[in-house]
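First the structure, in the form of structure tokens, and then the observations on it.
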Amino acid sequence: MPELPEVETIARGIAKRVTGDVIESVWLGKKKEPLKSPAAEIAAALEHSRIAAVRRVGKHIVFDLEKNGVARALLPARERTKSNRSRKSAGAWESSSSVAPPGADSSIPSTLSRAQWIVHLGMTGRLQVCEPQAGLAKHTHAIVGLASGRELRFVDPRRFGRLSVAVGFDAAGVEPLEVDLETFVELFRGRKTPIKSALLNQKLLRGVGNIYADESLFRAGIRPRRQAASISGEKLAKLHITVKEVLQEAIALGGSSISDYVDADGEEGFFQLQHRVYGREGEKCLVCKKPVKRIVIAGRSSHYCAKCQK
DNA sequence: ACTATTTCCTGGATGC
DNA sequence: TGCATCCAGGAAATAG
Numbered sequence: 002m003p004e005l006p007e008v009e010t011i012a013r014g015i016a017k018r019v020t021g022d023v024i025e026s027v028w029l030g031k032k033k034e035p036l037k038s039p040a041a042e043i044a045a046a047l048e049h050s051r052i053a054a055v056r057r058v059g060k061h062i063v064f065d066l067e068k069n070g071v072a073r074a075l076l077p078a079r080e081r082t083k084s085n086r087s088r089k090s091a092g093a094w095e096s097s098s099s100v101a102p103p104g105a106d107s108s109i110p111s112t113l114s115r116a117q118w119i120v121h122l123g124m125t126g127r128l129q130v131c132e133p134q135a136g137l138a139k140h141t142h143a144i145v146g147l148a149s150g151r152e153l154r155f156v157d158p159r160r161f162g163r164l165s166v167a168v169g170f171d172a173a174g175v176e177p178l179e180v181d182l183e184t185f186v187e188l189f190r191g192r193k194t195p196i197k198s199a200l201l202n203q204k205l206l207r208g209v210g211n212i213y214a215d216e217s218l219f220r221a222g223i224r225p226r227r228q229a230a231s232i233s234g235e236k237l238a239k240l241h242i243t244v245k246e247v248l249q250e251a252i253a254l255g256g257s258s259i260s261d262y263v264d265a266d267g268e269e270g271f272f273q274l275q276h277r278v279y280g281r282e283g284e285k286c287l288v289c290k291k292p293v294k295r296i297v298i299a300g301r302s303s304h305y306c307a308k309c310q311k
């Protein structure tokens, strides 16, 4: 279940392999769930684009795409009108900023369109960079052919993952690794919801999932059910630190491998060995030896130590 | 404006 | 062994 550290690890691995490569072809499967934008828009945005960068935003993997505007001018008018329906996705292609590419011959009218391909892995999504002859994994929903001769494949058995395209993509919420204390504290002001739910709310903090919420709360000594607004400034300051600490340690270890998570190199992460409460129901708390408890908050398993967390 | 609950998905684990 | 049931959980949709 990729959360921020796993997505960061995967994005770095993919970036290493495909940055600068050019997309030559796009195949999208028949299943509709994985596609958040219409298939035609995704294919149109990706084809003939250069992958300028690959980065993580929250739990999203963002491919920054660049392409010369010539293809746009050649699009049939019908296609252009059709793709203008949705401003949120590739339909906004027309309104993308057009600038001359560096080093372009100024005598030839040329535009450079920028867009983003956004991949959300959901629970079981995977991105593979492989040779075209490599066996096709079951539940492959997208295959992107690259000029280098390799393929980028999106595989997702449970189909909670999503593919979309956008212009000027930005996700809601603040980056947990960048947020300052004042902004962090402000996120929880007046919130009656349990702190665990607030941490999982991507409109507040983007990237924290179930594992890292539990681990951060344990280190901060806060029970997951505590009403967010009732937590002291001192405790929130502690949480502000432990959230970053847990995420940074996890990134350093390549994420947490539970069930079948592997990064872009097929390597497992090792942060699961550092979990102090997550998945340890009934086992002894590593600090006080009391058994770790498990409760359900908003349908999510939540692990904590009743003695160490108040 | 918030908050809580339900729904989508499949594969692996468990129960009888 | 087989078959049904449950569970994992991110985020969108729905309800309150």
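Going by our numbering, the first sequence opens with residue 2, and the numbers climb by one from there.
Glycine included, every Cβ here is placed at the ideal spot set by N, Cα and C.
Computed from a prediction, not measured in an experiment: that's the story for all the values here.
Under the Cβ criterion (8 Å, minimum of three pairs), the stretch 149–157 does not count as touching the stretch 193–208. Annotation note: the stretch 198–236 contains no uninterrupted beta strand (DSSP E) run of length 3 or greater. Residue pairing for L36: DSSP places it in a beta bridge opposite L164. The criterion of a C-beta distance shorter than 8 Å is not satisfied by I212 and S258. Secondary structure note for L66: its beta strand (DSSP E) is the uninterrupted segment 61–69. Exclusion of the five residues before and after S198 leaves I298, A299 as the residues of its chain whose Cβ lies within less than 7 Å of its Cβ.
The Cβ neighbour count for T10, taken over all protein chains shown within 10 Å, is at least 16; the residue is labelled buried. Here S217 has T243, V244, V247 as same chain residues with Cβ atoms under 6 Å from its own Cβ, once five neighbours each way along the sequence are excluded. With the rule of 3 Cβ pairs closer than 8 Å, the stretch 22–37 counts as touching the stretch 132–148. H121 is the residue among L113, G59, H121 whose C-alpha sits nearest the C-alpha of E34. Of the residues F64, R301, K294, the one whose Cα lies closest to the Cα of I43 is F64. Nearest to K31 by alpha-carbon distance, out of P133, A41, L188, is A41. Taken through DSSP and simplified to helix, strand or coil, K308 comes out as coil. Fewer than three beta-carbon pairs drawn from the stretch 158–173 and the stretch 274–292 are found closer than 8 Å, and the two stretches are therefore not classed as touching. Secondary structure at G21: coil, using DSSP grouped into helix, strand and coil. Per DSSP, reduced to three states, the secondary structure at F155 is strand.
A straight-line Cα-Cα distance of about 8 Å links V58 and E176.
Under the three-pair Cβ rule at 8 Å, the stretch 228–240 does not count as touching the stretch 301–309. As the crow flies, the alpha-carbon of K139 is around 46 Å from that of I232.
Rounded to the nearest whole angstrom, the CA to CA distance from L200 to S111 is 46 Å.
Within the model, the alpha-carbon separation for D215 versus N69 is close to 46 Å. Excluding its 5 nearest sequence neighbours in each direction, L182 has C-beta neighbours in its own chain below 7 Å: A238, H241, listed in chain order. Following the DSSP letters along the chain, one finds T125 in no beta strand (DSSP E), marked with neither H nor E. Within the DSSP secondary-structure output, S302 pairs in a beta bridge with V297.
The beta carbons of Q310 and G222 sit closer together than 8 Å.
For V186, there is no enclosing beta strand (DSSP E); the enclosing alpha helix (DSSP H) covers residues 182–189. Separation of K290 and E179 (C-alpha to C-alpha, rounded to the nearest whole angstrom) is 34 Å.
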